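The numbers in the sequence shown follow the numbering used here, run straight up by one, and end at 195. Idealized CB from N, CA, C, for every residue including glycine. Quick caveat: nothing in here was measured; it's all calculated off a predicted structure. Below is one structure, written out as structure tokens; comments come after it.
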Amino acid sequence: TWEGELALVSLPGSTPEKFTFTIWDENVARDVTRAMGKRVALHYEEKVGLPGSCVGDTRYYVSAVTVSDEIPLAAGVMVPTPPARTAASAASR
Numbered sequence: 103t104w105e106g107e108l109a110l111v112s113l114p115g116s117t118p119e120k121f122t123f124t125i126w127d128e129n130v131a132r133d134v135t136r137a138m139g140k141r142v143a144l145h146y147e148e149k150v151g152l153p154g155s156c157v158g159d160t161r162y163y164v165s166a167v168t169v170s171d172e173i174p175l176a177a178g179v180m181v182p183t184p185p186a187r188t189a190a191s192a193a194s195r
């Protein structure tokens, strides 16, 4: 098995909470490794009552990872974005 930690950050500058998980599948472990440093969604199952570390160190077993480029927001919430650079502004630099 592979063991991992995901930093859950709710607000920039806040202290991240850690979500520890176990992976059984080598392909999923490879996908998680490739996604390191990116915003992701982990697909997992919680296994209650499984014996200790012989099957994994946590009770959360990740079955897939999805890289998420967008931040889901509540309806009506807008994130400010910088203005797009034009050819004229790029040439003046």
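Let me check understanding here. Comparing Cα to Cα, which of Ala143, Thr135, Phe123, Val134 lies closest to Asp159? In the sequence shown, the residue the question calls residue 159 occupies position 57. Looking at the Cα atoms, Phe123 is the closest of the given residues.
Exercise for review: Express the C-alpha separation of Glu148 and Thr135 in angstroms, rounding to a whole number.
Suggested key: As a first step, residue 135 must be located in the sequence shown, where it is residue number 33. As a first step, residue 148 must be located in the sequence shown, where it is residue number 46. Distance between the alpha carbons of Thr135 and Glu148 is about 21 Å.
Given this structure, state the Cα-to-Cα distance separating Val150 from Thr117, to the nearest angstrom.
Counting from one through the sequence shown, the residue named residue 150 turns up at place 48. Counting from one through the sequence shown, the residue named residue 117 turns up at place 15. Rounded to the nearest angstrom, the two C-alpha atoms are 28 Å apart.
Across which residues does DSSP place Gly96 in a beta bridge pair? Not covered by the structure: residue 96. The range shown for the chain is 103 to 195.
Val134 - DSSP class collapsed to helix/strand/coil | Residue numbering aside, residue 134 sits at position 32 when the sequence shown is read from its first letter. Residue state, collapsed to three classes: helix.
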